[in-house]
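**Student:** Numbering (the numbering used here), first residue to last: 2 to 116. Let me give you the structure first, and then I'll get to my questions.
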Ligand SMILES: [Zn+2]
Ligand SMILES: [Zn+2]
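Below, the structure written as C-alpha cells:
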C-alpha cells in the first residue's frame, strides 16, 4: 500500500446496499463485497451469485435470467441477459437441445438450432 499524495482515495462510501432473502430469513449488508472484494456497483450481483452458489437459490429481491433446457436437466442462471443467451446458444450448439430463456414473469424466449 503506497500513499499516493494528490489523489486521496474517496473513502466516504455511502450506506452500503443490503440484500434480503426471505428463504433464509436474513438480510445482509454488503460491506464485505464493497470493502474486501471491491466490486463496487456490482456488489449486489456478486452477492446474489455467491448466494446461489452456496444456497442454491437467489435472494428473491434479485430477478435472475434463467436458461432452462427443455430436453435435459441442464440449466443455468445469470443476472444479465447476455450470458444467459450465450449459455443457451452454447448448449443448443453442443447438444441440439432447445432451451427456454426466462426473466421473471416475461414471456420465455426459445433458443435452439435454426435448422
Ligand atoms: Zn437465501
Ligand atoms: Zn439440454
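Glycine included, each C-beta is placed from N, C-alpha and C at the ideal position. All of these numbers come straight from a predicted model, not from anything done at the bench.
Check whether the segment 86-95 touches the segment 34-53, counting contact only when three or more Cβ pairs, one atom from each stretch, lie closer than 8 Å.
**Tutor:** The segment 86-95 is not in contact with the segment 34-53.
**Student:** Do residue 53 and ligand 4 come close, with the Cβ less than 6 Å from some heavy atom?
**Tutor:** Judged by which ligands are present, ligand 4 is missing from the structure shown, whose ligands are ligand 1 and ligand 2.
**Student:** Would you say residue 95 touches ligand 2, meaning its beta carbon is less than 6 Å from a heavy atom?
**Tutor:** Sequence index remark: in the chain shown, residue 95 carries index 94 (1-based). No, the beta carbon of residue 95 sits no closer than 6 Å to any heavy atom of ligand 2.
**Student:** Under three-state DSSP, which class holds residue 55?
**Tutor:** For the purposes of this step, residue 55 is taken as the residue at position 54 of the chain shown. Helix, per DSSP.
**Student:** For residue 60, which residues in the same chain have their Cβ closer than 7 Å to its Cβ, ignoring the five residues on either side in sequence?
**Tutor:** Numbered from its first residue, the chain shown carries residue 60 at position 59. 20, 21, 22, 49 and 52, listed in sequence order.
**Student:** Let's see if you can read the secondary structure: which residues bound the beta strand (DSSP E) around residue 98?
**Tutor:** Position 97 of the chain shown, counted from the start, is the residue given in the question as residue 98. Looking at the DSSP string, residue 98 is not in any beta strand (DSSP E), and its letter there is neither H nor E.
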